[in-house]
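Contents: one structure, followed by commentary.
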Amino acid sequence: MPTAAPIISSVQKLVLYETRARYFLVGSNHAETKYRVLKIDRTEPKDLVVIDDKHVYTQQEVRELLGRLDLGNRTKMGQKGASGLSRAVSAFGVVGFVRFLEGYYIVLITKRRKMADIGGHAVYKIEDTTMIYIPNDSVRVTHPDEARYVRIFQNVDLSSNFYFSYSYDLTHSLQYNLSILRMPIDLLKKESTPQSRQESFDIFEDEGLIQGGSGVFGIRSEPYMKYVWNGELLEIVKDTVHYDWLLYIIHGFCGQSKLLIYGHPVYVTLMARRSSKFAGTRFLKRGANCEGDVANEVETEQIVYDASVMSFTAGSYSSYVQVRGSVPLYWSQDISTMIPKPPITLDQADPFAHVAALHFDQMLQRFGSPIIILNLVKEREKRKHERILSEELVSAVTYLNQFLPPEHCIEYIAWDMAKFTKSKLCNVLDRLNVIADSVVKKTGFFVNRPDFYCSTLRPDEKWNQLGGVVLPTGHLQTGVLRTNCVDCLDRTNTAQFMVGKCALAYQLYSLGLIDKPNLQFDTDAVRLFEELYEDHGDTLSLQYGGSQLVHRVKTYRKIAPWTQHSKDIMQTLSRYYSNAFSDADRQDSINLFLKVFQPAEGKPHLWELPTDFYLHHTNTMKLSQTKRSYTFWWTPEVLEHLPLPFDEVPCAENRRKLTIKKFNKYDEETDIHNEFFRPYELSSLDDTFCLAMTNSARDFTPKNVGIDPSPFTVRKPDETEKSVPGNKTNKDETVLQRKTAASAPPPPSEEAVSSSSEDDSGTDREDEGAVSQRSTPVKITETGDSTKTNDSLFQPMKDIYGINLSDPPSEDDLQVYTKFVQLGHSQQKQEKNIQQLRSVNLENVINVTHISSFSQDSIYEVQPPKVDKKSIEIFTAHIQAGSGHMQTMAKEDVLMYREYIRNRYM
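1 is the number of the first residue of the sequence shown in UniProt numbering; add one for each residue after it.
Okay, here's the thing in structure tokens:
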């Protein structure tokens, strides 16, 4: 049966060349063996003319093409501008094309940094971009307000938490991406019509289909546009250029850490996708718009996989998804008079829960059922404030549940987290742990491998109660948890961390890394996971609220130090300042970047609009032609496939969203081994194996002798404090070293290498980001008091070995040492005697027998040993197990294993 693999984009390195009449954008794959060329016209003052010949060039053909262009565009010698073709900039991707009041601009990614790796598929963060005006100066028609629009557009910092990948679809979950690869290829070919098949296959890939032979099918899915932030910027060229030119970026957070379990590497990745619909800042975007999109909607996915096997077909992968978002109602807060808590008002009466129905219909289509709402807003208040939202949300959910089947109803959990935090009798995290355990049991999680045989012999009580859909190939998550408070920042992040911690235990158990699906606080694994979630919460809070988190997990555990309170006050003031003075400008930038507002002649400018309400509620400007039912509020196809999400069902509608191509078996566009390890170039171990990422063994495990290195062992506070001298944890010391390395200038040789490589072929400038994360070596100065310097750097020998050199050894130790020395002398004498005997008569002393399995072995020829049939069968089964094909156990093996389990555990 043919295999399937994600298609790797053949445009990863770009060089922009310019003449007076055109721009030529030359893109190549990373190995620089395939090239594509875009021609962009510069003679049109306001229109964008992009021509893609769809031809794949070789390196020699591109050189000849550029040479002809250079020769053909040269003017007479002696005149100004003798060179016809000049190199403008090197880049790694096209963000898009944008136009304000003059001509079009092209936005290019000029610097990137690798942030994560998912099964060999690299995830990059945008570090720097450039914006180039396309029309020539001779045809440019200037406008006085153009520069102001450019400043507003560039106010969206693309170097701040925007991510992309050349081969992995970041807009979809891991469950969706791997479900596509498991679809039968024959079924996909049957469903595709001749017209769609012609659109899906290029002329070059059609040759492989006609000739047949061994090969792989490359699959590419359409992105989920809700989480794409440059979709409108690429819309104008979407239908005219090859798909590899379209690089979709997401906004949010991406972090990855390594969990080292007795030397076994396990990668924990946390990825957050922020919705581009109804996007904005804290007080300016509340509730939902008329299409069901809510403010501050973020989909958070945690991916755990065994990093020792980097393959989607043979590796073990697991993921869990949860969502945060504003309360799906028409509500807002008046900020005309800035006070810490502006009053909450319901803007429109919605007796039939129309906007909530649209929102939950989207969730059922993407995640399936059950949809679980965890509402953390206050319920008891002296002055009715947050309770307005709770009461309205309860009535909306109650109305919608009347028409759903009982097994697919929306579940509503209301819990006043602020009230329980103030109470001294209640533990907030214990209560959240109970909620998290019930939620994960209902939704389940995704894992791409079947259960271990030991789990069926020795089943765990919690594991058997797990929900979701169980398949012969693994588990599927059905449904999702939707968490919200008023802002969806501090309380929401802590609740999501507790749910993620519970799901992490199930994920590690399903991969066979722990014996019970349970994780405790104060372990290295949970500390590593908590750090990921705090970075995740800080990033999302900065994007929406203008400051980092005010209340963290340590705050709700009530173990935060006193210095944390002063930091909380500063974060509160920072958030208040941002909401009062800078949120309006940030909102204008987001509206312009997402093309919610499009400048035009005779139209009011963006800064002249009194409100952007009608930009985000477009349906209110016109009467809807089709009226949505008040009772059957869901999409008909969605309900037919519940609890499975409709987006993952292999139906004809979803198959039309896929692009299927047949490649050669070792083609660069499907060979993830060459893409990740890159054997054709000289690469760095730090970049290949991600040594700079957070490591549980290096950054969290204490270095004292006798400490259990397992990341699931509960550490006492004094153990972590004494791990590094000066009462600093390993993580604090690592952060300090990274900051020191970042502040120091790089060596001259590195600067020369990076500058030469950049000018040469536009190679990756991500090494600058990697240098900032490497720790600088500590040098011991010879001047001054050397004794104090050594004491400050190294631990005393008493703490490590239990003895000091000044203590004299005991008599027993001296006797043991004396015997050891005597044994060494006698061994030397025996070896000398053997050598003397060999020199006299070697044959009488020792008889050398041939013990090798090779009958003939020399530098010219090696005859392999004879292997029996049973050994060959064992070796073949071992190879097949590595490829993901497990053989059924023999009856004798099953009986022997059961007997072992019965004697060992029962």
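Built from N, CA and C at the ideal position, the CB exists for glycine as well.
By the beta-carbon neighbour count (other beta carbons within 10 angstroms, threshold 16), residue 453 is exposed.
Take residue 69, set aside five residues on each side of it, and the residues of its chain with a beta-carbon closer than 6 angstroms to its own are 85, in chain order.
The three-state reading of DSSP puts residue 417 in helix, counting H, G and I together.
A direct Cα-Cα distance of roughly 7 angstroms separates residue 93 from residue 13. Closest option to residue 171, judged by alpha-carbon separation, among 226, 154 and 215: 226.
Excluding five sequence positions before and after residue 274, the CB atoms of its chain that fall closer than 6 angstroms to its own CB belong to 251, 252 and 298, given in chain order.
Between residue 345 and residue 332, the CB-CB gap stays under 9 angstroms. Per the coordinates, the alpha-carbon of residue 215 lies some 11 angstroms from the alpha-carbon of residue 671. Looking at the backbone, the Cα of residue 820 and that of residue 813 are separated by about 11 angstroms.
Within the DSSP secondary-structure output, residue 299 pairs in a beta bridge with 273 and 323. Note that the region 263 to 282 does not touch the region 238 to 245; fewer than 3 beta-carbon pairs, one per stretch, sit closer than 8 angstroms. Uninterrupted beta strand (DSSP E) stretches at least 3 residues long and entirely within the region 348 to 418 occur at 371 to 375 and 411 to 414, given in chain order. Residue pairing by DSSP places residue 18 opposite 23 and 86 in a beta bridge.
Secondary structure of residue 454 (DSSP, three-state): helix.
Per DSSP, residue 226 is not a residue of any beta strand (DSSP E), being assigned neither H nor E. In terms of Cα proximity to residue 890, the closest of 884, 874, 883 and 905 is 874.
Ranked by Cα distance from residue 888, the options 904, 166, 877 and 424 are led by 877.
Of all C-beta pairs linking the region 515 to 527 to the region 698 to 715, three or more are shorter than 8 angstroms, placing the two stretches in contact. When the beta-carbon positions are compared, residue 537 and residue 484 stay at least 9 angstroms from each other.
Around the beta carbon of residue 627, a 10 Å sphere encloses fewer than 16 other beta carbons of the protein chains shown; the residue is thus reported as exposed. Per DSSP, residue 509 is one residue of the alpha helix (DSSP H) stretching across 490 to 510. Around the CB of residue 417, 16 or more other CB atoms lie within 10 Å, so the residue is classed as buried. For residue 809, the secondary structure class from DSSP, reduced to helix, strand or coil, is coil.
Looking at the DSSP output, residue 333 bridges to 344. Around the C-beta of residue 816, fewer than 16 other C-beta atoms lie within 10 Å, and the residue is accordingly described as exposed. Shown here for residue 490: same chain residues with a beta carbon closer than 6 angstroms to its own, the five before and five after excluded, namely 549, 550 and 551 in chain order. When 142, 249 and 665 are compared, the shortest CA-CA separation from residue 601 is found for 142. In this structure, residue 435 sits away from residue 486, with a CB-CB distance that is not shorter than 9 angstroms. Around the beta carbon of residue 871, a 10 Å sphere encloses fewer than 16 other beta carbons of the protein chains shown; the residue is thus reported as exposed.
Secondary structure at residue 901: helix, using DSSP grouped into helix, strand and coil. Residue 559 counts as exposed, since fewer than 16 other C-beta atoms from the protein chains shown sit within 10 angstroms of its C-beta.
Judged by beta-carbon spacing, residue 90 lies beyond the 9 angstroms limit of residue 158, meaning their Cβ atoms are not closer than that value. Per the Cβ contact rule, the region 280 to 290 is not in contact with the region 308 to 321 (fewer than 3 Cβ pairs under 8 angstroms).
Looking from the CA of residue 102, the closest CA among 109, 150 and 67 belongs to 150. For residue 284 against residue 329, the beta-carbon gap comes to about 16 angstroms, at or over 8 angstroms, which does not count as contact. The beta carbons of residue 312 and residue 181 sit about 6 angstroms from each other, so the pair counts as a contact at 8 angstroms.
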